[in-house]
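Below: one structure, written as structure tokens.
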Amino acid sequence: GLVGQEEAREACGIVVDLIRSKKMAGRGVLLAGPPGTGKTALALAIAQELGNKVPFCPMVGSEVYSTEIKKTEVLMENFRRAIGLRIKETKEVYEGEATEITPHETENPMGGMDFINIEKTYHSFIAHLGLVVSCYGKTVSHVVLGLKTAKGTKQLKLDPSIYENLQKEKVEIGDVIYIEANSGAVKRMGRSDTYATEYDLEAEEYVPIPKGDVHKRREVIQDVTLHDLDVANARPQGGQDVVSIMGQLMKPKKTEITDKLRAEINKVVNKYIDQGVAELVPGVLFIDEIHMLDIECFTYLHRALESAIAPIVIFATNRGHCTIKGTEDIVAPHGIPLDLLDRILIIKTMMYTNEEMM
Numbered sequence: 014g015l016v017g018q019e020e021a022r023e024a025c026g027i028v029v030d031l032i033r034s035k036k037m038a039g040r041g042v043l044l045a046g047p048p049g050t051g052k053t054a055l056a057l058a059i060a061q062e063l064g065n066k067v068p069f070c071p072m073v074g075s076e077v078y079s080t081e082i083k084k085t086e087v088l089m090e091n092f093r094r095a096i097g098l099r100i101k102e103t104k105e106v107y108e109g110e111a112t113e114i115t116p117h118e119t120e121n122p123m124g125g126m127d128f129i130n131i132e133k134t135y136h137s138f139i140a141h142l143g144l145v146v147s148c149y150g151k152t153v154s155h156v157v158l159g160l161k162t163a164k165g166t167k168q169l170k171l172d173p174s175i176y177e178n179l180q181k182e183k184v185e186i187g188d189v190i191y192i193e194a195n196s197g198a199v200k201r202m203g204r205s206d207t208y209a210t211e212y213d214l215e216a217e218e219y220v221p222i223p224k225g226d227v228h229k230r231r232e233v234i235q236d237v238t239l240h241d242l243d244v245a246n247a248r249p250q251g252g253q254d255v256v257s258i259m260g261q262l263m264k265p266k267k268t269e270i271t272d273k274l275r276a277e278i279n280k281v282v283n284k285y286i287d288q289g290v291a292e293l294v295p296g297v298l299f300i301d302e303i304h305m306l307d308i309e310c311f312t313y314l315h316r317a318l319e320s321a322i323a324p325i326v327i328f329a330t331n332r333g334h335c336t337i338k339g340t341e342d343i344v345a346p347h348g349i350p351l352d353l354l355d356r357i358l359i360i361k362t363m364m365y366t367n368e369e370m371m
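Given below as structure tokens:
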């Protein structure tokens, strides 16, 4: 749906071909042109042309300046956001249409004050207190779940924690669900199409009853970014008690992820890639207003572009010759140091003509 910019779009097509043929390593792209000429749209189009699951991470040059976190840390964080990891895993799952959901209660030896299942946020903590008071002296010992497929039916006796997952997904009788055997994660696929009515418009999504057995092995593909792995390991889940809950609420907003942690995660990722379990998906990092970065950031970017797992970096600016931020009298094209500019392919965008705007 882009209008005009034929030459810039053709150049972006060449960039996509270079990326697919793995000839853009260690280089970046600069979209230079007046404001409102579609620089961000071209960067997003490059990401979508590379594939639907390719990570696209936009940022503005002024975002790196913060009192809480270093400039280089912000850049590295966005670099990691733009590097995807596609993990292929074979899991045992139970899949089918829910025909029975029967929780079985038993006497609670703790007298109803069971704080084990208190959620980790303040609001759900208060809600749980109300739940504990209402069901004083009783606790769910297990839940009986009936699942039906086109081939047969199966009745399962599940742990109380899985019953909580069923409630979170708002599973009702007639819903098509699947449960991972290892983790107990529950996913609601939709409503069984046997319950479909003749209405022209409905809020429910109807899906067919699964074929095959209830218990099966299926390949699950998960798309995550390296930053997701960093955050998951930098902030491990604490205890379920009240002290841990309040401690998490009072944590600072931003925490820097250490280089040591990232190195350990890279080792695990490389191990998965060597085993064929995971596949690295370099995404697109789009940095708008690149002239707002200072000389320290440019030095860091110059080194980061040479990394073996660097994403495709696309810069954008609307400046011509200007002083490099962080220096007093060094003037360079687009406010970018010449050594970094040598690594960049420049694509120029033009103002729209009257014919294009009409």
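Positions 14 to 371 (this note's numbering) are the ones given, in order, by the sequence shown.
Every residue gets a Cβ at the ideal spot worked out from N, C-alpha and C, and that includes glycine.
In this structure, what does DSSP give as the bridge partners for residue i?
i	result
Phe69	Val297
Ser205	Val220
Glu108	Tyr191
Thr380	The requested residue 380 does not occur in the structure, where the chain is confined to residues 14 to 371.
His228	Tyr107
Lys200	Tyr191
Asp352	Bridge partners of Asp352: none, in fact.
Leu44	Ala329 and Ile360
Val29	According to DSSP, Val29 bridges with nothing at all.
Arg236	Strictly speaking, residue 236 in this sequence is Asp, with Arg absent from that position. Arg99.
Glu120	Lys151
Can you say whether residue i is buried or exposed, counting buried as having 16 or more other CB atoms within 10 angstroms of its CB?
i	result
Leu179	buried
Ala21	buried
Arg94	buried
Val28	buried
Lys361	exposed
Glu218	exposed
Lys52	buried
His240	buried
Arg33	exposed
Glu120	exposed
Glu45	Inspection of the sequence shows that residue 45 is occupied by Ala rather than by Glu. Ala45 is buried by the Cβ-count criterion.
Ile74	Reading off the sequence shown, one finds Gly at residue 74, where the question assumed Ile. By the neighbour-count rule (16 or more Cβ atoms within 10 Å), Gly74 is buried.
Ile234	exposed
Tyr313	buried
Met89	buried
Ser205	buried
Val87	buried
Asp243	buried
Thr271	exposed
Ala216	exposed
Pro221	exposed
Asp188	buried
Val184	buried
Taking only three categories from DSSP, how would you classify residue i?
i	result
His334	strand
Glu132	Only weak support is given to the placement of Glu132: the predicted model assigns it a pLDDT of 43, under 50, and the question is left unresolved by the model.
Met305	helix
Gly17	coil
Pro339	Correcting the residue identity first, residue 339 is Gly in this sequence and not Pro. The answer is coil: DSSP assigns Gly339 none of H, G, I, E or B.
Lys167	strand
Ser318	The question names Ser, but residue 318 in the sequence shown is Leu. Of the three classes helix, strand and coil, the one that applies to Leu318 here is coil, per DSSP.
Arg99	strand
Ile186	coil
Asp243	helix
Lys151	strand
Val290	coil
Pro173	helix
Ala345	strand
Ser257	Here Ser257 scores only 46 on pLDDT, less than 50, and its place in the model is too uncertain to base an answer on.
Glu369	helix
Glu81	coil
Ser75	helix
Cys60	The question names Cys, but residue 60 is Ala in the sequence shown. Three-state result, Ala60: helix.
If contacts are defined as beta-carbon pairs under 8 Å, then residue i and residue j qualify, I think. What distance do you get, rounded to the angstrom?
i	j	result
Val106	Glu193	6 Å
Val282	Ala276	Not confirmed; about 11 Å, so no contact.
Thr162	Pro223	5 Å
Pro153	Glu118	Note that residue 153 is Val in the sequence shown here, rather than Pro. Confirmed, Cβ separation roughly 6 Å.
Arg99	Asp236	6 Å
Pro350	Ile96	Pro350 to Ile96, Cβ: 24 Å. No contact.
Could you confirm whether any beta carbon from chain D is found closer than 8 Å to the beta carbon of residue i?
i	result
Thr152	Of the protein chains in the structure, only one exists, and it is not chain D.
For the structure I just gave you, are there three or more beta carbon pairs, one from the segment 47-61 and one from the segment 291-302, closer than 8 Å? Yes: at least three Cβ pairs fall under 8 Å.
Measuring CB atoms only, is the segment 223-234 touching the segment 77-90, in the sense that at least three cross pairs come out at less than 8 Å? Between the segment 223-234 and the segment 77-90 there are fewer than three inter-stretch CB-CB distances shorter than 8 Å, so the stretches are not counted as touching.
Any contact of the segment 336-351 with the segment 59-73, i.e. 3+ C-beta pairs under 8 Å? The segment 336-351 makes no contact with the segment 59-73: fewer than 3 CB pairs, one atom from each, lie closer than 8 Å.
Examine the Cβ distances between the segment 97-115 and the segment 154-168 and report whether three or more of them are shorter than 8 Å. The segment 97-115 is in contact with the segment 154-168.
Segment contact flag, the segment 25-41 with the segment 302-309, C-beta cutoff 8 Å, min 3 pairs: The answer is no - the segment 302-309 does not touch the segment 25-41, with fewer than three Cβ pairs under 8 Å.
Kindly confirm or deny that the segment 164-178 and the segment 193-209 touch, where touching means at least three C-beta pairs closer than 8 Å. Flag = yes, the segment 164-178 and the segment 193-209 touch.
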